[in-house]
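Residue numbers (this note's numbering), protein chains in the order written: chain P, 9 to 129; chain Z, 9 to 129; chain E, 9 to 129; chain D, 9 to 129; chain H, 9 to 129; chain A, 9 to 129; chain Y, 9 to 129; chain C, 9 to 129; chain G, 9 to 129; chain F, 9 to 129. Cβ coordinates follow ideal geometry from the N, Cα and C atoms, glycine included. A short worksheet on the structure shown next.
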């Protein structure tokens with residue numbers, strides 16, 4: 009799983025004198041349930057206030073597509089993606105919300121939030 | 009009613025270094041009105057920040073299905089489910105919102121919130 | 009299953025000189041999947057042009073509630089209800105549409121239509 | 009009930025050389041259930057192609073308000089209103105659709121259509 | 009108007025160790041405009057945190073139906089219902105929101121909120 | 009009222025070898041009720057298959073704005089506009105649908121259709 | 009423009025022992041653009057907590073209709089109406105939100121808020 | 009690709025004395041674009057009137073999941089699935105509608121319809 | 009304008025034994041108004057039943073983007089695109105619907121339909 | 009790019025004694041992706057509390073149209089527009105939210121907020 013990180017690219021944030029908010033919404037995330045082997049589907053919303061770097065869109069898409077055939081739980085895939093992006097971007101603020109589709113009459117959201125030490129909006 | 013609890017299963021929260029939010033929405037809860045014997049229908053939204061444990065999805069579904077033929081009031085079934093899940097998960101934060109369908113031109117929501125002692129987000 | 013029929017009541021159609029259309033929509037039908045034992049949920053739309061009789065609403069509700077704990081397939085429960093109501097009401101026109109909720113990313117509708125011999129609108 | 013009819017007023021259709029369609033939608037019809045004494049609520053849609061007369065709007069409103077405290081079944085109130093308006097307006101085409109609100113998880117529509125003898129659109 | 013209060017019934021709140029929220033939404037409230045005599049229509053949303061008592065649903069419905077033929081202004085009927093329910097339930101928190109339907113291109117909401125002395129959520 | 013017609017401009021239909029459909033929807037039509045003096049509001053949908061001419065958009069807007077302070081009934085203003093446009097454009101097919109906003113809990117639509125002699129789609 | 013104020017009427021607030029909120033939404037406001045002469049359309053939402061007076065609904069409607077043929081900018085008409093109502097009602101709290109319809113692919117809102125000196129909710 | 013067919017199972021249609029309609033909607037179909045290698049997403053609606061057989065739901069789901077990593081064009085995957093199901097079920101009527109998600113500001117639907125020889129509804 | 013056609017590419021329809029329907033919806037078409045120089049925006053829906061050829065998606069996108077800075081009327085751009093695609097694809101059935109955004113409170117649709125000689129569905 | 013600024017015009021804020029909020033929503037912003045050359049589409053929402061100046065609407069439209077053929081990244085075009093408007097208007101409060109349309113299953117928002125030194129609402 010290490011090499012997923014190499015898919016992600018960043019570019020310089022040339023507006024770092026200001027706190028501003030970027031939200032990328034990925035409508036078609038899919039991975040595989042490790043228990044049943046059936047596919048899971050989710051919408052992923054990534055919101056952050058950049059510090060030095062912004063994530064490049066195409067690379068973000070490829071990174072998220074790389075989970076397509078991985079068997080991984082809702083709670084863990086959400087935390088995993090949050091860890092990767094927080095580590096790479098070192099953002100002032102970060103929030104990832106994953107909305108998983110209905111399974112057996114039950115839908116699930118997982119939300120991870122991260123605020124850089126000392127950051128206040 | 010004691011044995012409903014045995015239906016619920018948990019798994020370890022491997023991301024407990026972080027506060028993150030899980031929301032499970034059960035679209036098809038049904039129980040029975042103890043006064044009229046007619047079925048009641050509700051959507052149940054369970055939101056929590058886990059401490060040591062997460063609730064396993066399939067077991068949550070079976071637990072909620074076990075109320076199908078129980079006669080119990082809106083206010084009481086909501087508090088009962090909240091008590092069971094809070095007792096089992098010992099979450100940092102917990103909220104249960106039950107949205108009961110229209111009866112006689114009148115719909116009802118019941119919402120229970122619980123914050124662990126000393127927890128601050 | 010015979011005695012479900014005794015739950016249904018009719019009243020006289022006092023406007024039979026005219027073709028007019030009645031649609032009853034039951035938002036909370038539930039039965040049980042005979043394979044998995046899990047509950048199924050559906051919205052049932054019953055449309056008909058009455059001849060001699062109209063179905064009484066409260067009795068229709070009780071009749072449909074009686075399937076609550078029956079194990080029966082989508083296709084069969086829809087045809088069964090259609091057979092019962094067509095037999096009882098002998099309507100000029102009849103259509104039953106059942107919309108079953110999402111299961112495993114898949115939702116299903118079943119629609120039965122019946123036109124009395126010689127009836128033309 | 010006879011005197012409800014005196015509430016309705018008409019005005020001359022000055023465009024009778026042409027078939028054109030008028031639809032009045034009354035969003036707040038209410039009457040009383042003759043069995044339970046509880047109020048019923050409906051939206052009434054009146055569609056017609058006028059011949060000699062159009063119904064005056066304010067009088068239509070007062071006529072429909074006059075059912076407010078009458079105990080009368082869905083099927084019958086719809087046919088009654090249709091009979092009154094068809095008798096008064098002698099329209100080329102007429103359709104009344106009544107959408108009654110949810111009662112016990114069940115909503116109902118009643119639709120009456122009338123085409124004048126020899127009328128073809 | 010005194011005897012409307014006798015229509016309301018309460019039951020004991022057996023979960024008073026906890027603050028929890030109950031919301032009843034009545035979709036079909038109707039009264040009469042004291043100026044024009046025309047009917048008014050509203051949706052009433054009653055939200056409260058119970059102390060000793062909860063309001064019984066059927067009695068709430070009958071109480072609200074009792075305004076059907078009363079002539080009373082928007083602002084006053086909303087405050088009147090709030091006064092009655094606050095007096096009866098002595099809730100920790102209470103809010104009533106009345107949404108009146110469009111009249112002359114103009115719709116109106118009236119909202120009353122009440123917090124028991126010393127109550128803090 | 010004659011001079012309203014001078015506001016309308018046409019341009020040549022350079023695609024007359026083909027039947028094609030044009031729909032202009034005017035979201036903000038307003039005139040005045042001749043009885044009460046209060047303003048009426050409507051959405052006007054004009055659909056036609058052109059023969060020799062198309063109506064110029066800006067002129068159509070000015071023509072419709074010219075009714076702003078005219079007192080005229082729903083049924084008559086709709087037929088009047090239809091007459092003007094049919095006379096000017098001589099279209100193969102024409103339909104005007106006017107949707108008037110809610111007044112006293114009652115909304116109204118008026119629809120006029122015209123097919124040129126001998127035209128078949 | 010002075011005499012618009014004479015159109016507004018008030019009535020006594022008999023519930024002034026309590027802070028409660030009134031919202032009137034006018035769906036069909038129209039005035040004229042002073043630059044182009046074309047009509048503007050807006051929805052106006054007036055929210056206030058009354059002190060001594062409430063605004064009478066019919067007079068509010070007539071007052072707002074009086075702008076129908078006035079040429080006035082978005083920003084100014086909104087402030088003008090706010091000034092008039094604040095001056096007349098002396099409310100504890102006041103907010104006016106005007107939502108102007110799309111012009112040239114661009115829609116606009118203007119929002120004025122006013123809090124009486126010393127008022128705290 | 010041959011062996012995908014072995015995933016599909018049927019069961020006997022016990023209501024074949026009647027024409028009735030079954031619609032299965034699969035909300036989460038995904039395959040791969042053969043040109044770019046990026047995933048495609050679609051909703052598939054399968055509507056049919058059964059003759060001798062109905063398709064078993066779970067097997068239908070597994071069959072459709074088997075396309076997850078296949079590179080295949082919109083037009084071809086839709087025709088392929090239609091061919092498989094028509095061959096297997098020999099239905100009286102069949103329609104497959106595939107709604108592919110937005111790519112580059114462009115979304116696509118493909119619809120295949122099949123009517124058995126001599127079938128008339 | 010001739011060379012726009014060279015942007016379009018086709019591929020062979022390998023399912024021509026069957027009539028099936030393809031719908032491409034382009035959500036972000038933009039051209040320029042030849043009178044005012046302001047940009048126009050539309051959604052274009054292209055529906056066809058292919059004969060020998062299907063239009064390649066990426067080339068369709070580039071072809072439609074090529075109108076970005078062209079000054080051309082609604083009616084004419086729609087007929088132009090229809091002519092180009094009909095000429096290229098020679099489809100059994102073709103329909104183009106263009107929905108142009110609101111301008112001055114007025115939105116417009118233009119719809120062109122074409123049926124190949126002798127084609128009957 | 010300097011001369012875009014000359015497109016913007018302001019007018020005096022004659023209501024500067026009060027903090028009030030203006031929101032302009034531009035539904036049809038388009039620029040070009042500097043990497044792929046394909047057009048990007050966005051909705052731009054500009055919210056501000058004016059100090060001395062308001063932005064004139066028509067000039068705002070022309071200013072935003074001037075980006076039509078510029079190649080510029082999401083993050084940068086949003087910050088650029090914010091810088092231009094903040095510099096020109098010197099508003100008490102400013103927020104720009106840009107909602108970019110779906111590309112490759114991924115949509116993006118960028119939000120810039122600015123509060124004048126010492127301003128407190």
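Nearest candidate by alpha-carbon position, reference residue i, set the options
{"i": "residue 33 of chain Z", "options": "Z:39, Z:65 and Z:25", "result": "Z:65"}
{"i": "residue 11 of chain E", "options": "E:60, E:27, E:40 and E:70", "result": "E:70"}
{"i": "residue 44 of chain F", "options": "F:112, F:119 and F:129", "result": "F:112"}
{"i": "residue 84 of chain P", "options": "P:105, P:68 and P:101", "result": "P:105"}
{"i": "residue 96 of chain H", "options": "H:109, H:22, H:63 and H:110", "result": "H:63"}
{"i": "residue 118 of chain E", "options": "C:22, C:67, C:24 and C:31", "result": "C:31"}
{"i": "residue 54 of chain Z", "options": "Z:13, Z:35 and Z:60", "result": "Z:35"}
{"i": "residue 14 of chain H", "options": "H:68, H:128 and H:90", "result": "H:68"}
{"i": "residue 72 of chain H", "options": "H:60, H:22 and H:92", "result": "H:92"}
Check: residue i C-beta below 6 angstroms from any heavy atom of the ligand ATP
{"i": "residue 65 of chain C", "result": "Absence of the ligand ATP is noted for the structure shown, with no ligands found whatsoever."}
Interface flag, residue i vs chain C, CB-CB below 7 angstroms
{"i": "residue 33 of chain G", "result": "yes"}
{"i": "residue 87 of chain G", "result": "no"}
{"i": "residue 193 of chain E", "result": "Residue 193 of chain E falls outside the range modelled here, since chain E spans only 9 to 129, and no answer is possible."}
Below-7 angstroms beta-carbon distance, residue i vs any chain Y residue
{"i": "residue 101 of chain F", "result": "no"}
{"i": "residue 30 of chain F", "result": "yes"}
Cutoff 7 angstroms: residue i Cβ touching any chain E Cβ
{"i": "residue 36 of chain Z", "result": "yes"}
Proximity test, Cβ basis, 7 angstroms: residue i and chain Z
{"i": "residue 108 of chain E", "result": "no"}
Min CB distance residue i to chain P below 7 angstroms
{"i": "residue 116 of chain F", "result": "yes"}
{"i": "residue 83 of chain F", "result": "yes"}
Same chain, Cβ closer than 7 angstroms to residue i, five either side skipped, listed in chain order
{"i": "residue 87 of chain E", "result": "120"}
{"i": "residue 57 of chain E", "result": "27, 28, 29, 99, 100 and 101"}
{"i": "residue 9 of chain H", "result": "In this predicted model, residue 9 of chain H has a pLDDT of only 49, less than 50, meaning its place in the structure is not dependable enough to derive any value."}
C-beta neighbour in chain A for residue i, strict 7 angstroms
{"i": "residue 119 of chain G", "result": "yes"}
Min CB distance residue i to chain G below 7 angstroms
{"i": "residue 97 of chain A", "result": "no"}
Contact set for residue i: own chain, Cβ-Cβ below 8 angstroms, skip 5 residues either direction
{"i": "residue 42 of chain F", "result": "79, 80 and 81"}
{"i": "residue 38 of chain A", "result": "47, 48, 49, 50, 75 and 76"}
{"i": "residue 109 of chain G", "result": "48, 49, 50 and 115"}
{"i": "residue 90 of chain F", "result": "102, 104, 120 and 122"}
{"i": "residue 59 of chain D", "result": "21, 24, 97, 98, 99, 100 and 124"}
Residues of its chain near residue i, where Cβ-Cβ distance is below 6 angstroms and the 5 sequence neighbours each way are ignored
{"i": "residue 52 of chain C", "result": "34, 37 and 106"}
Exercise. Do the segment 120-129 of chain Y and the segment 12-20 of chain C make contact, defined as three or more Cβ pairs closer than 8 angstroms?
Worked result: no
Exercise. Quick one, which residues of the segment 59-78 of chain H are near chain Z if we go by CB-CB under 8 angstroms, in chain order?
Worked result: 62, 65, 66, 68 and 69
For this session: Could you name the residues of the segment 42-61 of chain C whose beta carbon sits closer than 8 angstroms to any beta carbon of chain P, in the order they occur along the chain?
Result: 46, 47 and 49
Exercise. The segment 12-30 of chain Y: which residues have C-beta closer than 9 angstroms to a C-beta of chain H, in chain order?
Worked result: 19, 21, 22, 23, 26, 27, 28, 29 and 30
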